[in-house]
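If you read the sequence shown in my numbering, its first letter stands for residue 1, the second for the next number, and so on.
We treat Cβ as the ideally placed atom computed from N, Cα and C, and that holds for glycine.
Down below is the structure, laid out as structure tokens.
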Amino acid sequence: MADHVVEACKDCLPWECKDTLKCAYADPSFEYLSQKLLHCGALILGAPIYWWDTTGMVRYLILKIFRVYARSAPLAGLPALGIGVAGGTGNGLVSGLRPLYHFFQMLQMRALAPLPVTRFNWDEALAQAGELGAVLAGMAGARQPFAGVEDRLLWYDNLPYLGLTRAAERRLLAALTAAALPDGADPAIPRRLAEADTLAARGESLRALRAITVAYEAGVKAFEAK
Numbered sequence: 001m002a003d004h005v006v007e008a009c010k011d012c013l014p015w016e017c018k019d020t021l022k023c024a025y026a027d028p029s030f031e032y033l034s035q036k037l038l039h040c041g042a043l044i045l046g047a048p049i050y051w052w053d054t055t056g057m058v059r060y061l062i063l064k065i066f067r068v069y070a071r072s073a074p075l076a077g078l079p080a081l082g083i084g085v086a087g088g089t090g091n092g093l094v095s096g097l098r099p100l101y102h103f104f105q106m107l108q109m110r111a112l113a114p115l116p117v118t119r120f121n122w123d124e125a126l127a128q129a130g131e132l133g134a135v136l137a138g139m140a141g142a143r144q145p146f147a148g149v150e151d152r153l154l155w156y157d158n159l160p161y162l163g164l165t166r167a168a169e170r171r172l173l174a175a176l177t178a179a180a181l182p183d184g185a186d187p188a189i190p191r192r193l194a195e196a197d198t199l200a201a202r203g204e205s206l207r208a209l210r211a212i213t214v215a216y217e218a219g220v221k222a223f224e225a226k
């Protein structure tokens with residue numbers, strides 16, 4: 001997509017593109033990417049995550065696809081997979097995936113479980129990506145449209161990660177840093193996470209989240225020192 005950056009949708013009126021299925025303004029990048037999308041057997045959409053969100057390049061494509069194709073739903077039942085790569089801090093590993101899965105949902109695609117990726121779980125994520133890719137390849141060319149909007153909503157409700165609270169997302173990130181610790185790392189880090197879970201169970205949410213942050217920051221420091 002970096003080689004084909006879509007221009008921002010102008011939301012022009014009259015709204016002709018929903019009927020013509022073509023943007024009223026010349027946009028070679030959108031034409032190229034949308035045709036690739038319309039003629040694929042399955043979709044893998046990966047995006048880097050900055051500031052806890054997906055990139056502007058991805059959003060430009062998504063919004064224009066909505067405008068032109070959401071009403072006609074030419075991608076109904078298309079197998080799809082979203083991958084979000086949260087570099088550096090790892091923050092946004094879940095929140096950055098949500099726009100991708102909203103896109104899949106609105107275009108009525110049948111998405112697999114999302115894959116949140118950070119430098120802390122890189123090797124495991126690569127292995128999981130291979131497994132999900134094999135599943136997706138097996139589904140390619142055999143679309144499974146939803147029976148109705150209710151079926152589609154329940155499908156997306158049942159996917160992992162997407163319904164996490166911000167605190168739970170923070171807990172997930174801290175757990176990934178703890179899992180990536182080298183041998184001989186400070187045992188206080190996983191112990192701090194256990195303490196956070198105890199605090200959360202007692203309803204002390206703020207103290208729990210602060211404990212999670214302490215564990216996360218210590219985990220990052222240990223990871224970078226190895």
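Exposed or buried, what is residue i when buried is set at 16 or more other beta-carbons lying within 10 Å of its beta-carbon?
{"i": "residue 27", "result": "buried"}
{"i": "residue 91", "result": "buried"}
{"i": "residue 9", "result": "buried"}
{"i": "residue 101", "result": "buried"}
{"i": "residue 42", "result": "buried"}
{"i": "residue 20", "result": "exposed"}
{"i": "residue 97", "result": "buried"}
{"i": "residue 64", "result": "buried"}
{"i": "residue 6", "result": "buried"}
{"i": "residue 206", "result": "exposed"}
{"i": "residue 149", "result": "exposed"}
Suppose contacts are defined by Cβ-Cβ distances below 9 Å. Is residue i in contact with residue j by that definition?
{"i": "residue 174", "j": "residue 200", "result": "no"}
{"i": "residue 117", "j": "residue 162", "result": "no"}
{"i": "residue 266", "j": "residue 77", "result": "Given that the chain is displayed from residue 1 to residue 226, the structure contains no residue 266 and the question cannot be resolved."}
{"i": "residue 40", "j": "residue 31", "result": "no"}
{"i": "residue 75", "j": "residue 108", "result": "yes"}
{"i": "residue 196", "j": "residue 176", "result": "no"}
{"i": "residue 186", "j": "residue 211", "result": "no"}
By how many angstroms is the C-alpha of residue j removed from the C-alpha of residue i?
{"i": "residue 68", "j": "residue 106", "result": "12 Å"}
{"i": "residue 143", "j": "residue 222", "result": "45 Å"}
{"i": "residue 224", "j": "residue 145", "result": "45 Å"}
{"i": "residue 35", "j": "residue 55", "result": "21 Å"}
{"i": "residue 140", "j": "residue 147", "result": "19 Å"}
{"i": "residue 51", "j": "residue 88", "result": "11 Å"}
{"i": "residue 164", "j": "residue 104", "result": "18 Å"}
{"i": "residue 111", "j": "residue 61", "result": "18 Å"}
{"i": "residue 33", "j": "residue 3", "result": "10 Å"}
{"i": "residue 160", "j": "residue 113", "result": "6 Å"}
{"i": "residue 184", "j": "residue 194", "result": "18 Å"}
Does the region 142-159 touch the region 120-128, meaning 3 or more C-beta pairs lie closer than 8 Å?
no
Curious, which full-length beta strand (DSSP E) runs of at least 3 residues does the region 84-165 contain?
115-117
Any chance you could list the beta strand (DSSP E) runs of at least 3 consecutive residues sitting entirely within the region 11-99, in chain order?
43-50, 79-86
Do three or more CB pairs link the region 127-138 to the region 162-181 at distances below 8 Å?
no
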